[in-house]
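**Q**
2 protein chains.
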Amino acid sequence: MSRVRVLLADDEHLIRGALAALLGLEDDLEVVAEAASGPEALAMARAHRPDVAVLDLEMPGADGVMVATQIRAELPSCRTMIVTSHGRPGHLKRALTAGVRGFVPKTVSALRLAEIIRSVHAGNRYVDPELAADAISAGDSPLTVREAEVLGFAADGAPVAEIAERAALSQGTVRNYLSSAAAKLGAENRHTAVRLARERGWV
Amino acid sequence: MSRVRVLLADDEHLIRGALAALLGLEDDLEVVAEAASGPEALAMARAHRPDVAVLDLEMPGADGVMVATQIRAELPSCRTMIVTSHGRPGHLKRALTAGVRGFVPKTVSALRLAEIIRSVHAGNRYVDPELAADAISAGDSPLTVREAEVLGFAADGAPVAEIAERAALSQGTVRNYLSSAAAKLGAENRHTAVRLARERGWV
DNA sequence: TTCCTCCCCTGACATTTGTCATGTGCGGTG
DNA sequence: CACCGCACATGACAAATGTCAGGGGAGGAA
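Pasting the structure below:
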């Protein structure tokens, strides 16, 4: 019986290497490629055509979900999974929409991860119960398209004038969107609103 | 010859477990305790009196530097090291001031980490060259004590009135500190100032 | 000592930001 | 069709924020 061919992508060498070693100990798993960045992960996937791609959410170049989307487009037979340190509800939704079949926090053990890889390879889906609960309780973004867009522009602390220019809106309108977004998020001002929206993965 | 007794603290089980396994393969290293939070790390240190404590910088409860400080106070013979995902210059300085003897990003390999653990145990210090360079180029914080304090209170987006109350200052004074801090950091407003100060580890 | 510099602190003034009332147009419902 | 609700958009006004000029005190240099 052939082993499950796994691609491992994580920018932290310490984790990637250790993980590769541990997963390699499993009889039925085989780590065929490793990558330290989004683009590299994609290139490795093309070159090695793995059965399952295990992708870190935070990577330089392109994040895990972007890579997963691309992989699905180019290698439909390859299942994708996301592992992440600090799971934001919005990311989970984004990942599932992108066709990711496993979403796991880094707080699980390597043994458990191996089981999940097998399960995903067998065609099942797996979402960490804790993260799923968070996502459900956080619910969908209450923000409208424009609100989210403007909040995004405000994310790095830019003044309203600059946001207005970038969004091609009047300053009054921008202030309005920021205000309503803050109200929906229960924030006192736009800066805490940005923080909250980030935490929930809505920007 | 007795082996180096290592304490491993990291809230990500995936990493901690994998790392424990890999370090355990080294003949001269022995992982005698693991912890998933700051307080737990401290308790484990007290109970097992390791030779070297390898601490993650970001942990729930108390961060790696706090734990290191405490360990040094209670177990002077125990060397401490910090590993971190995203090294901020200020943290490095804070760590060194706290008597930490190794500061390593998670981008190194497990093998390299093992070498560094040995080196630290032998009495040497080790600081990742990249992080050291960052720290040097970032330099010392130009902020005065009050400026840093007020900027810290402003970090979560609180309005000036609240900051003034928490810092027991007039609102005018608070605005003044925020303003001068922003100027020193080259920021347009206090929110970008907060971001920059965070990046450099000055808050 | 005297001077100088820098940190700490403040209120008054100008600018930016947040709130409100209002208007337009689209998509679904009775 | 007429109506309702909602997203999108705006300017005027009120509130929060940033800037400025300046005073008091500690510490170091002349």
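Protein chains in written order, with my numbering: chain A, 112 to 314; chain B, 112 to 314. C-beta atoms are modelled at their ideal positions from N, C-alpha and C, and glycine is treated no differently.
Quick one: residues in its chain with C-beta nearer than 6 Å to the C-beta of A221(B), no 5 flanking neighbours on either side, listed in chain order?
**A** Same-chain partners within the cutoff: L133.
**Q** Return the Cβ separation of I193(B) and V219(B) in integer angstroms, given the expectation that the two are a contact with Cβ distance under 8 Å.
**A** I193(B) to V219(B), Cβ: 13 Å. No contact.
**Q** Between the region 283–305 of chain A and chain B, which residues of the former have a C-beta closer than 9 Å to a C-beta of the latter?
**A** Listed in sequence order: A298, E299, N300, R301, H302, T303, A304, V305.
**Q** Relative to the C-alpha of Y288(A), which candidate in R277(A), R301(A), G297(A), V178(A) has its C-alpha closest?
**A** Ranking the options by Cα distance to Y288(A), first place goes to R301(A).
**Q** Roughly how many angstroms lie between the CA atoms of A272(B) and S281(A), to the nearest whole one?
**A** Cα to Cα, A272(B) sits roughly 29 Å from S281(A).
**Q** Tell me where the beta strand (DSSP E) around V165(B) begins and ends.
**A** Its beta strand (DSSP E) spans residues 163–167.
**Q** Just checking, does the region 236–252 of chain A make contact with the region 261–280 of chain B on the three C-beta pairs under 8 Å criterion?
**A** No, the region 236–252 of chain A is not in contact with the region 261–280 of chain B.
**Q** Nearest by alpha-carbon distance to V238(A): which of R229(A), A259(A), L296(A), P216(A) is it?
**A** It is P216(A) whose Cα lies nearest to the Cα of V238(A).
**Q** Examine chain A for any beta-carbon lying closer than 8 Å to the beta-carbon of E141(B), and answer yes or no.
**A** By this cut-off, E141(B) is not an interface position.
**Q** What does DSSP give as the partner residue(s) for A144(A) in the beta ladder?
**A** L118(A).
**Q** Under 8 Å Cβ to Cβ from L207(B), same chain only, skipping five residues before and after it: list those, please.
**A** Result list for L207(B): F214, V238, in chain order.
**Q** Could you work out which residue in A209(B), E123(B), V143(B) is closest to D167(B) when comparing CA atoms only?
**A** Ranking the options by Cα distance to D167(B), first place goes to E123(B).
**Q** By the 10 Å Cβ neighbour count, where 16 or more other Cβ atoms means buried, how is A294(A) classified, buried or exposed?
**A** Exposed is the call here.
**Q** Starting from P216(A), follow the beta strand (DSSP E) in both directions and report where the run begins and ends.
**A** 213–216 is the extent of the beta strand (DSSP E) around P216(A).
**Q** Name the chain B residues whose beta carbon is nearer than 7 Å to that of E276(A)?
**A** By Cβ distance, chain B contributes nothing, its closest Cβ being about 14 Å from E276(A), past 7 Å.
**Q** For the alpha helix (DSSP H) that contains M155(B), what are its first and last residues?
**A** Element bounds for M155(B): 149–159.
**Q** Leaving out five residues before and five after H159(A) in sequence, what residues of the same chain have Cβ atoms less than 6 Å from its Cβ?
**A** For H159(A), where only same-chain residues beyond five positions count, the Cβ hits under 6 Å are V143, A144.
**Q** Compute the Euclidean distance between the alpha carbons of L262(B) and P171(B), then round it to the nearest angstrom.
**A** L262(B) and P171(B): Cα-Cα distance of roughly 23 Å.
**Q** Going by C-alpha distance, which of E310(A), D121(A), P187(A), A265(A) is nearest P150(A)?
**A** Of E310(A), D121(A), P187(A), A265(A), the residue nearest in Cα terms is D121(A).
**Q** Any beta-carbon of chain A closer than 8 Å to the one on P161(B)?
**A** No, no contact with chain A.
**Q** Leaving aside the five residues before and after G198(A) along the sequence, list all residues of the same chain whose C-beta is less than 6 Å from its C-beta, in chain order.
**A** These residues qualify, in order along the chain: P216, L242.
**Q** Just to check my reading of the structure: A152(B) and A129(A) have Cβ atoms closer than 8 Å, yes? What is that Cβ distance to the nearest angstrom?
**A** Not confirmed; about 19 Å, so no contact.
**Q** Taking a Cβ distance cut-off of 9 Å, strictly less, list which residues of the region 220–234 of chain B are near chain A, in chain order.
**A** Those residues of the region 220–234 of chain B that come within reach of chain A (Cβ to Cβ, closer than 9 Å) are S220, A221, L222, R223, L224.
**Q** Give me the subset of the region 191–208 of chain B whose CB atoms are less than 8 Å from a CB atom of chain A, sorted by chain position.
**A** Result list: V194, S196.
**Q** Would V163(B) and I228(B) qualify as a contact pair, given that the criterion is a beta-carbon distance under 8 Å?
**A** Yes, these two residues count as a Cβ contact at 8 Å.
**Q** Check whether chain A comes within 8 Å of E123(B), counting only Cβ atoms and requiring the distance to be less than that.
**A** Yes, because at least one Cβ of chain A sits closer than 8 Å to the Cβ of E123(B).
**Q** Less than 8 Å between the C-beta atoms of W313(A) and A244(A), yes or no?
**A** No; because the gap between Cβ atoms is not below 8 Å, this pair is not in contact.
**Q** Looking at A225(A): is its Cβ nearer than 8 Å to the Cβ of E137(A)?
**A** Going by C-beta atoms, A225(A) is nearer than 8 Å to E137(A).
**Q** Shortest alpha-carbon distance to G135(A) belongs to which of L119(A), A147(A), S148(A), A146(A)?
**A** It is L119(A).
**Q** Should I182(A) be flagged as near chain B, meaning a C-beta pair shorter than 8 Å?
**A** With 8 Å as the cut-off, I182(A) does not count as an interface residue toward chain B.
**Q** How long is the line joining the alpha carbons of P240(B) and L203(B), rounded to whole angstroms?
**A** The alpha-carbon atoms of P240(B) and L203(B) are separated by roughly 12 Å.
**Q** Between L254(B) and A292(B), is the Cβ-Cβ spacing less than 8 Å?
**A** In this structure, A292(B) lies closer than 8 Å to L254(B) by Cβ.
**Q** For G154(A) and R114(A), I'd like the C-alpha separation in whole angstroms.
**A** Note that residue 154(A) is Ala in the sequence shown, not Gly. Cα to Cα, the separation comes out at about 22 Å.
**Q** Classify T180(B) as helix, strand or coil using the three-state DSSP reduction.
**A** Three-state result, T180(B): helix.
**Q** Measure the C-alpha to C-alpha separation of G201(B) and V256(B) and round it to an integer number of angstroms.
**A** Rounded to the nearest angstrom, the two C-alpha atoms are 15 Å apart.
**Q** Going by beta-carbon coordinates alone, are W140(B) and V117(B) separated by less than 8 Å?
**A** Note on identity: in this sequence residue 140(B) is Leu, with Trp being the wrong assignment. Their beta carbons are under 8 Å apart, which means L140(B) touches V117(B) by this criterion.
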